[in-house]
Amino acid sequence: MGDPSLVMFGQLFLAALLGLAIGTERSIVAQQRAGMRTFALVSLGACAFIVATSAIDAQYLGIVNFDPARMAAGIVQGVGFVCAGLIFMRNDSVHGITTAAGLWVSAAIGVLVGFHMYAVAVFAAALTLGIFFAMWYVERMLKRLHDAGLP
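The sequence shown begins at 1 in the numbering used here and counts up one residue at a time.
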């Protein structure tokens, strides 16, 4: 299969690339502050933790009982904390929830890449982008219909 380091480099690159793609929508279309760099870094970081954990698990197989899923659980918790910082209230409305949810999904995509689930990671990124782009326009259209008095 080749040099394991090259596989890991590819994993990290793919995770960053998928996070970057999702962050592009947040940055350009939604004009949010948490954009391309933030999403790419979260996805890359999540992947790096999983890659490292998986490598350690493989290296010490049978010597130490080590569960890579525990690292994934820690990532979910840590990214949830970061996402909470993106959500804020302004007047009577809440802002940042969609960006926080996207950032959380970006971390999950990094975890998927870290566990060698490339097709699932790419599909999840495509779904996320589809939700971000398509639903942006659907929500605007529904709001216009609602404002016009249509049910």
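Where a beta carbon is used, it is the ideal one built from N, C-alpha and C, also for glycine.
Could you compute how far the alpha carbon of residue i sits from the alpha carbon of residue j?
i: residue 35; j: residue 26; result: 5 Å
i: residue 135; j: residue 69; result: 32 Å
i: residue 4; j: residue 80; result: 31 Å
i: residue 153; j: residue 23; result: Nothing about residue 153 can be reported from this structure: the residues present for the chain run from 1 to 151 only.
i: residue 9; j: residue 40; result: 15 Å
i: residue 75; j: residue 115; result: 13 Å
i: residue 141; j: residue 6; result: 46 Å
i: residue 32; j: residue 94; result: 14 Å
Suppose the cutoff is 7 Å on Cβ atoms and the five residues either side in sequence are ignored; what does the same chain contact list for residue i look like?
i: residue 83; result: 100, 103 and 104
Quick one: what's got a C-beta closer than 8 Å to residue i's C-beta in the same chain, skipping five residues either side?
i: residue 133; result: 25 and 29
i: residue 44; result: 12, 15, 16, 19 and 110
Where does residue i land, buried or exposed, given buried means 16+ other C-beta within 10 angstroms?
i: residue 15; result: buried
i: residue 145; result: exposed
i: residue 58; result: exposed
i: residue 71; result: buried
i: residue 86; result: buried
i: residue 123; result: exposed
i: residue 77; result: exposed
i: residue 106; result: buried
i: residue 148; result: exposed
i: residue 127; result: exposed
Go through its chain and collect everything with a Cβ distance to residue i's Cβ below 6 Å, but skip five positions before and after it.
i: residue 53; result: 68 and 71
i: residue 97; result: 87
Exercise for the section: Starting from the N-terminal side, write out each stretch of the alpha helix (DSSP H) that is 4 residues or longer and does not extend beyond the segment 43–121. Expected result: The segment 43–121 contains, as complete alpha helix (DSSP H) runs of 4+ residues, the segments 68–84 and 97–114 (chain order).
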